[in-house]
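To keep things clear, I will list the structure first and then write my remarks on it.
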Amino acid sequence: MMKTKQQKNNSVTVVNKDQIQSYIMTTAKYDFSVYEKRILYRIVEMAQGELHGVRFATDCKKIEHTLFDTVHITMPIASLLNGESDENYTRVKQALLSLQKKIFTYEDEKEWISISIIALPKIKKRSSVVSFQIDSHIWDCCLDFSKGFRKYELATAMKFKSVYSMRFYELLSGQKTKLIYPLEQLKEMFKVQDKYAKTNDFVRKVIEPAKNELDELSPYTFEWSANKEGKKIVSFNFYPIFKPEHRDAELYKKELQKQTGLSWDLGRQVISYLKTSLEFSDKEIKNNRDLFVTAQMELPDIMTELAILRGKSRTKTNPKGWIINALKGKIKDK
């Protein structure tokens, strides 16, 4: 995660960064308030911070893994508010109560599981921090990039006043090509199946307000058009638009540097071994760059690990694909 200029947020220093969010979370079906979304943004931030070895003690954040397969989170209440004028602690409490009642459903090849999003929310009297527990499955989901990911500026995401703006920002951030979503999929994703029987109402209450707020605040906004079957709208086209004037200048500079040179965040020995011994092209390294960077940071000796994987991959049908999956497994195990 890249960090840059700081902003004051109710005595909490917000460090802007390009936050990576699992595509599983980006497209999940849920109906959250703005304050609930901010809690989730902070959970994702802390999960990825722990993965990258970030220490949180300086701003009252704390992560404790318990013996009961749960993660105990502590964070400043002010980190969930929107600037110094936003002192609505009551809404934070309401969001915590609501998240406690809501269910996260997860299913893979091995199991189906239904989990309360948070448990045991607590704010001690005359305290500036909130604590709660989350199940390890939700913690793992924050770090599951097997279906892809979206990257967005944390500071921008925390500014939005509409949860629909947040969802569209997550979907569109960093995208360069047209996205097509069926109307029913969008309504199900945003959990508004029972709200807007008329498609014009969905456009007026969901799409247009989100577009207007993204136009004002976001480095990524969109134009849209509808696809019809007869007279009925069945899906929407969304055309991402990049607005550099709203992009954090330092983050954008680092992003461009990262795109132009592999050695920006990967060791030269690692790059050389990937190219010469494992026969990865520059494009293949860039496509899996985040994985290699994480492996470089997390594994005790990345060069030894790559050498071992090289030997084991010789009998595989797709050696490079096997190495990628093996690295993901090693990182997950760690």
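For the sequence shown, this note's numbering assigns the number 1 to the initial residue and increments by one for each residue that follows.
Each residue gets a CB set at the ideal place from its N, CA and C atoms; glycine is no exception.
Straight-line CA distance for residue i to residue j?
i: Glu184; j: Val234; result: 8 Å
i: Ala28; j: Met189; result: 6 Å
i: Gly267; j: Pro300; result: 14 Å
i: Ile118; j: Gly148; result: 25 Å
i: Gln6; j: Gln21; result: Unreliable placement is indicated for Gln6, whose pLDDT of 43 sits below 50; no coordinate value is reported for it.
i: Ser165; j: Ile39; result: 16 Å
i: Glu279; j: Lys320; result: 8 Å
i: Ile285; j: Leu306; result: 14 Å
i: Arg42; j: Thr199; result: 33 Å
i: Thr156; j: Leu217; result: 7 Å
i: Ile324; j: Cys142; result: 20 Å
i: Thr276; j: Gly49; result: 32 Å
i: Arg150; j: Gly174; result: 7 Å
i: Lys37; j: Lys232; result: 32 Å
i: Ser128; j: Pro182; result: 43 Å
i: Pro244; j: Leu251; result: 11 Å
i: Thr221; j: Ala197; result: 26 Å
i: Arg310; j: Asn318; result: 12 Å
i: Lys330; j: Ala295; result: 8 Å
i: Arg314; j: Ile241; result: 44 Å
i: Asn288; j: Thr90; result: 43 Å
i: Asn10; j: Leu51; result: With a pLDDT of only 44 at Asn10, under the threshold of 50, the placement of this residue in the model should not be trusted; the figure read from the coordinates follows. For Asn10 and Leu51, the distance between alpha carbons rounds to 27 Å.
i: Ile327; j: Leu291; result: The sequence given here has Leu at residue 327, not Ile. Cα-Cα distance, rounded: 8 Å.
Assign residue i to buried or exposed, taking buried as 16 or more other Cβ atoms, counted over all protein chains shown, within 10 Å of its Cβ.
i: Asn16; result: buried
i: Thr304; result: exposed
i: Ser146; result: exposed
i: Glu213; result: buried
i: Pro76; result: buried
i: Ile73; result: buried
i: Thr13; result: Low per-residue confidence applies at Thr13: pLDDT is 49, beneath 50, and the placement is therefore not dependable, though the value from the model is reported in the following sentence. So Thr13 ends up on the exposed side.
i: Ala210; result: buried
i: Ser114; result: exposed
i: Ile308; result: exposed
i: Asp282; result: exposed
i: Gln193; result: exposed
i: Gln269; result: exposed
i: Asp215; result: exposed
i: Ala249; result: exposed
i: Met158; result: buried
Does DSSP put residue i in a helix, in a strand, or in coil?
i: Arg289; result: helix
i: Tyr181; result: strand
i: Phe190; result: coil
i: Tyr152; result: strand
i: Lys3; result: Residue confidence for Lys3 is low, a pLDDT of 43 falling below 50, so the modelled location carries little weight and cannot support an answer.
i: Glu279; result: coil
i: Ser22; result: strand
i: Lys159; result: helix
i: Gly321; result: helix
i: Asn16; result: strand
i: Thr27; result: coil
i: Cys142; result: coil
i: Arg247; result: coil
i: Gln175; result: coil
i: Pro209; result: helix
Among the options, which one has its Cα closest to the Cα of residue i?
i: Glu153; options: Ala226, Leu172, Arg91; result: Leu172
i: Lys228; options: Ile180, Lys205, Ser277, Val270; result: Ile180
i: Tyr273; options: Lys191, Pro182, Ile302; result: Ile302
i: Asn237; options: Asn287, Lys176, Phe280, Lys198; result: Lys176
i: Ile103; options: Tyr30, Glu250, Asn82, Thr315; result: Tyr30
i: Tyr169; options: Lys320, Ser281, Glu223, Lys232; result: Glu223
i: Ser225; options: Trp322, Tyr239, Asp215, Ser136; result: Tyr239
i: Phe160; options: Ala78, Ala326, Asn82; result: Asn82
i: Asp69; options: His137, Ile63, Val44, Lys61; result: His137
i: Val163; options: Phe132, Lys125, Glu208, Asp194; result: Glu208
i: Asp333; options: Arg247, Glu109, Lys62, Asp140; result: Asp140
i: Leu99; options: Gln133, Lys124, Trp112; result: Gln133
i: Lys125; options: Glu298, Lys110, Asp144, Lys93; result: Lys93
i: Leu96; options: Glu109, Thr66, Lys191, Tyr35; result: Tyr35
Name the one or two DSSP bridge partners that residue i has.
i: Tyr220; result: Phe242
i: Gln133; result: His72, Ala119
i: Ile233; result: Lys228
i: Ile63; result: Ile73
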